[in-house]
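Here is the structure we will look at.
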Amino acid sequence: MTVQRKPLSKSLRFEVFKKDNFTCSYCGQKPPEIVLEVDHIVPVSKGGTDEILNLITSCFNCNRGKSDKTLNTIIRPDAKEMSENIQQQVEQAKIYYKYLKEKDEILSIEIEKVIEYFNNLFNQINYIGIQEKTTLKTFMKYFNAYELMEYLNIASQKVKYACEGFRYFCGICFTKIKEIKESKNAI
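Structure representation (C-alpha cells):
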C-alpha cells in the first residue's frame, strides 16, 4: 500500500534549504550546477514525517539514487563540521538572547528611575502610564537616565503640573533628538 504524500510548502522547503546551507547533503554540490530538492531521511513509505528534522537538502541525482531507502549514515564528508558549526551558532544565539534579556532588564530599571524622579518632581504617584513608558523607552535610545532627569528638571522649572511637565519634557527630548539627527546628517 502506498502512502499518499502531501506536497511540502514552499516556506518549509526554503527552511530546509537554509538549514543545509543550500547544499546537497549527499554530494556537497550547490546550485546553479544542480537542482535542489527536499529529501526525507526516513522515507514517507517507511513512516517518515514532513517535520523539518526528517528533511534534508538533496540534489536531483542523489535523491533519485536514494529512492525510498533509509539513511544509516550521513554521506556528506563535512557533516561533522557542519554539526559543530550549528552547535556553535546555537550557543552564540543563547548568549545573544541572554544579553538582550539583561539589556531589557537594565532598561526597565533605568526607566523606573526616571519615573520615580518625575513623580518626586511633580508630587505624583501614578501619572506615568503605558504610553508614557513607551515614550521613555524611545527616549532611552538617545539619552541615558541622567540626561532624561536633567530634561525633567528643566521642564519642572517651566511648568507646574504633571501633564504639562511631561509634555514640556517630551518637547525638550524631541528637540534634542532632532539636533542629534541633524548633526549626523551634516557629517
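Quick note on UniProt numbering: the sequence shown kicks off at 1 and runs consecutively.
For glycine and all other residues, C-beta sits at the position ideal for the given N, C-alpha and C.
For residue i: DSSP bridge partner residues
i, result
"Asp-39", "Ile-56"
Beta-carbon spacing of residue i, residue j below 9 Å
i, j, result
"Thr-49", "Asp-20", "no"
"Val-42", "Asn-54", "yes"
"Met-140", "Leu-107", "yes"
"Ile-172", "Ala-145", "no"
"Ile-115", "Lys-133", "yes"
"Cys-163", "Tyr-117", "no"
"Ile-109", "Tyr-142", "no"
"Leu-136", "Ile-95", "no"
"Ile-86", "Cys-59", "no"
Residue interval of the alpha helix (DSSP H) (run including residue i)
i, result
"Lys-181", "162-186"
"Ser-11", "10-19"
"Ile-128", "That residue, Ile-128, is in no alpha helix (DSSP H); it is neither H nor E in DSSP."
"residue 190", "An answer regarding residue 190 cannot be provided, because it is not within the stretch 1 to 187 covered by the chain."
Assigned exposure category for residue i - 16 Cβ within 10 Å defines buried
i, result
"Gly-165", "buried"
"Ile-130", "exposed"
"Ser-183", "exposed"
"Thr-23", "buried"
"Glu-37", "buried"
Selected residue, minimal CA-CA separation from residue i, among the options
i, options, result
"Glu-150", "Lys-160, Phe-169 and Ile-86", "Phe-169"
"Phe-174", "Gln-157, Leu-148 and Lys-158", "Leu-148"
"Pro-7", "Tyr-97, His-40 and Val-159", "His-40"
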